[in-house]
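Remember, the numbering used here sits 319 above the position in the sequence shown when you count from 1.
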Amino acid sequence: MNGVRMVAACLTAFLLAGCGADGGEKEQTQEEDLAEFEAMREELEGRRDVFIETPAQDFLATGNTLYWVEVNGANPRLRSFDDSKKQRTDYTFKPYLTGVSSPNPVDNINFAASSTMVASMNELDGANTYAAGSPEMPRGKLVLPAPAFGQKWWAYSVTGDDLYVTVINNDSGKFVLQKWTPGQANPTDVLVLDDLIAPNVMGEFTNFAVNGTTLMFSEGGRLWLAELNDAKAKWVQNDKRVGGADFYSGGAVYSQDREFFRYDKATDTRENITGKIKASYTMNKTFAEAHHPGHDMTWCKFKDKIVYEGNFGLFAYDIENETTTPLLLDARDNSVVYKYPVAVGTGTLFVKGLESQSGATGADGPMFSLAAANLL
């Protein structure tokens, strides 16, 4: 019997226990609600496996590969795991900025990656690239001028075998997106971010990412979306600080604190889907809001599913079917609280379990894997 059927059977047993002799439904007591929650929590917990126990951070999923950094004192190391090949790689190059002005490696961790290439600004004069899946196989180095305005490094992104970087043109003062592929002598200019949002004036530029041929960038607290051949970008209409964003050629999904929004580029409209998420699932009266998006949650998107931290655990919301499925439930005594979900292309979900013995949310814990392909 698979995990989903066992959960269904468990819930059926509890529902039947709440029926009166005349066939009418009887409201569960709080004790029955708690028992139902615990039964589901234990059942779902049985589906998880310990992936790594070493303290880890900076999780990134791309294709079928998960990247993360293990911090061992002052010596952070980059790791990856190709879930399709079940292959782990322990990289030996430094995934952090080095130099006299950057003495603490932990404060200077930075990398970007695809399934085939890894990049890091681990020297003061540019970006070094390496082959993914090999401990240290250099692909090439892009030499760059020192960044302006006290930046530690230029914002950069990797998609496929291409490295994108945003630099400031000395003459115009505008932000220029450049593309470089290992083997090329120099990067090529792709577009000017200032021109993409004109007549709006560039505010403080924060970061950007390229996914295939789609660009998203943040300036002045606003998120913008464009194709690399577009003349103009479109604002995704966020009106508060964005906690996380997932973008694609047709639009984006992003969060603002406890709310989720879906932006459609073709119609230039956004929809607040938070109400749909709240209405999409019911556990019981005591835990009626268990699946509601949590405060300052972390989340990821896999195909049409949003995997997010709810008030009492990890849940997956299907945008198209408007249904929510519990994946893992937090312990009510905070002995384990699930955070930082990331999903790779195979459908395997990785999530950190913050463990505590004091009743407070823990600061660290193992990374778990969850074979959630049948749900995601």
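Heads up, the beta-carbon is just placed ideally off N, CA and C, and yes, glycines get one too.
Residue 354: member of the alpha helix (DSSP H) spanning 349–364, first to last residue.
For the 9 Å CB-CB criterion, residue 449 and residue 440 do not form a contact. Rounded to whole angstroms, residue 473 and residue 621 show a C-alpha spacing of 29 Å. Exposure of residue 468 is indicated by the presence of fewer than 16 other C-beta atoms within 10 angstroms of its C-beta. In this structure residue 692 is not in contact with residue 646, their Cβ atoms being roughly 12 Å apart against a cut-off of 8 Å.
With respect to the 9 Å criterion, residue 547 and residue 527 are not classified as neighbours on the basis of their beta carbons.
In this structure, the alpha-carbon of residue 631 lies about 52 Å from that of residue 504.
A distance below 6 Å between beta-carbons, with the five flanking residues on each side excluded, links residue 562 to the following residues of its chain, in chain order: 574. Exposed is the label assigned to residue 601, since fewer than 16 other Cβ atoms lie within 10 Å of its Cβ. In summary, residue 551 is exposed, with fewer than 16 beta-carbon neighbours lying within 10 Å of its beta-carbon over all protein chains present.
Exposure of residue 560 is indicated by the presence of fewer than 16 other C-beta atoms within 10 angstroms of its C-beta. In the structure shown, residue 558 falls within a coil segment according to DSSP collapsed to helix, strand and coil. Counted as a single uninterrupted DSSP element, the alpha helix (DSSP H) harbouring residue 514 occupies residues 512–516. For residue 594, no beta strand (DSSP E) run applies; the uninterrupted alpha helix (DSSP H) run containing it begins and ends at 593–598, by DSSP. By the neighbour-count criterion, in which 16 or more other beta carbons inside 10 Å mark a residue as buried, residue 651 falls on the exposed side.
Taking a 10 Å sphere around the C-beta of residue 372, we find fewer than 16 other C-beta atoms and assign the residue as exposed. Between the alpha carbons of residue 374 and residue 387 lies a gap of roughly 10 Å.
Here residue 520 carries a coil assignment [DSSP, helix/strand/coil].
Apart from sequence neighbours up to five positions away, the residues of its chain that approach residue 360 with a beta-carbon distance below 6 Å are 648, ordered along the chain. Between the alpha carbons of residue 463 and residue 538 lies a gap of roughly 22 Å.
Taking the Cα of residue 660 as reference, the smallest distance to any Cα among 628, 638, 644 and 677 is reached at 628.
From the listed residues 389, 596, 609 and 353, the smallest Cα separation to residue 376 is found for 389. Rounded to the nearest whole angstrom, the CA to CA distance from residue 406 to residue 367 is 19 Å. In this structure, the CA atom of residue 430 is about 10 Å from the CA atom of residue 379. According to the DSSP assignment, residue 371 belongs to the beta strand (DSSP E) that extends over 367–371.
In this model, residue 525 and residue 516 are separated by some 15 Å (Cα to Cα).
DSSP places residue 506 in the coil class of the three-state scheme, outside both helix and strand. Closest by C-alpha distance to residue 520, out of 399, 597 and 540, is 540. When 597, 566 and 584 are compared, the shortest CA-CA separation from residue 623 is found for 566.
Restricted to the segment 573–640, the beta strand (DSSP E) segments that are unbroken, complete and at least 3 residues in length are 578–583, 588–591, 618–621, 624–629 and 632–637, listed in chain order.
For residue 425, the CB contacts under 8 Å within the same chain, skipping 5 residues up- and downstream, are 390, 393, 395 and 415 in chain order.
When beta bridges are read from the DSSP output, residue 535 appears opposite 528 and 544.
Beyond the five residues adjoining it in sequence on each side, residue 676 comes within less than 8 Å, by CB distance, of 654 in the same chain, given in chain order.
Sixteen is the threshold: since fewer than 16 other Cβ atoms of the shown chains lie within 10 Å of the Cβ of residue 369, the residue is exposed. For residue 658, the pairing in a beta bridge is given by DSSP as 671.
Taking all protein chains in view, the Cβ of residue 570 is crowded by 16 or more other Cβ atoms within 10 Å, so the residue is classified as buried.
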